[in-house]
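> Read in order, the letters of the sequence shown correspond to residues 89 to 209 in my numbering.
The beta-carbon is built from N, C-alpha and C at its ideal position, and this holds for glycine as well.
The structure presented is a predicted model; accordingly, all values stated were derived computationally and were not measured.
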Amino acid sequence: MLGPMARGAWDGLRLRCPACRRGAMARGPLGLAERCPVCGAPFEPEEGDFVGAMLVAYSVTAVLVVAGIFITAALTPLSARAQWLLWLTFGALFLIGTYRNMKGAWVGILYAMTGLRRGGR
Ligand SMILES: [Zn+2]
Numbered sequence: 089m090l091g092p093m094a095r096g097a098w099d100g101l102r103l104r105c106p107a108c109r110r111g112a113m114a115r116g117p118l119g120l121a122e123r124c125p126v127c128g129a130p131f132e133p134e135e136g137d138f139v140g141a142m143l144v145a146y147s148v149t150a151v152l153v154v155a156g157i158f159i160t161a162a163l164t165p166l167s168a169r170a171q172w173l174l175w176l177t178f179g180a181l182f183l184i185g186t187y188r189n190m191k192g193a194w195v196g197i198l199y200a201m202t203g204l205r206r207g208g209r
């Protein structure tokens with residue numbers, strides 16, 4: 089169960105179609121295609137899609153920001169306020185920069201789950 093989900097998440101993170109692993113999910117500089125140009129698998133499968141993607145994106149960002157604050161606190165003489173400012177800025181940029189990949193990863197996870205349900209793999 090975890091194997092296909094991890095594979096789907098990895099494919100999605102690289103913006104590769106989780107169904108055929110050949111089609112590109114990306115469309116333009118920021119968007120996601122509605123379906124795979126190679127196999128036609130839909131990339132906007134469910135209503136909860138957006139919520140899941142936000143959840144994935146925020147969890148990863150929060151972990152990175154907290155880890156980053158610990159690292160700068162240990163290694164630099166920056167004040168606590170400067171560290172927070174630095175890492176919250178990083179977090180915001182990271183969220184914006186990787187949101188599409190996070191959403192892709194979520195689509196990959198969803199695909200693995202629905203594929204399991206449908207095909208019994
Ligand atoms: Zn495909």
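When burial is assigned at 16 or more other CB atoms within 10 Å of the CB, is T149 buried or exposed?
Answer is buried; the Cβ neighbour count reaches 16.
> G156 to L176, Cα distance in whole Å?
C-alpha separation (whole angstroms): 10 Å.
> Using only the alpha-carbon positions, how far apart do V151 and G91 sit?
If I take the Cα positions, the gap works out to 23 Å.
> Hey, quick one: how far does the alpha helix (DSSP H) through R95 stretch, first residue to last?
It spans L90 to L101 - the alpha helix (DSSP H) in which R95 sits, taken as one unbroken run.
> Measuring alpha carbon to alpha carbon, tell me which of S167, P165, V195 and A145 ends up nearest A180.
Checking every option, the nearest Cα to that of A180 belongs to A145.
> What do you reckon, is the C-beta of V126 under 7 Å from a heavy atom of ligand 1?
Yes - ligand 1 has a heavy atom lying nearer than 7 Å to the Cβ of V126.
> Pull up the CB-CB distance for P125 and G111, whole angstroms please, since I reckon it's below 8 Å.
At roughly 5 Å, the Cβ-Cβ gap stays under 8 Å, so P125 and G111 are in contact.
> Does the contact criterion of 3 or more C-beta pairs under 8 Å hold for the segment 160 to 168 versus the segment 195 to 204?
Segments in contact, no.
> Using CA atoms only, rank isn't needed, just tell me which of F158, P117, D99 and L143 is closest to F131.
Taking only the C-alpha atoms, the option nearest F131 is D99.
> Can you check whether the CB of A168 is closer than 8 Å to the CB of A97?
No.
> Relative to the C-alpha of T186, which candidate in L120, R109 and C105 has its C-alpha closest?
Comparing Cα positions, the closest option is L120.
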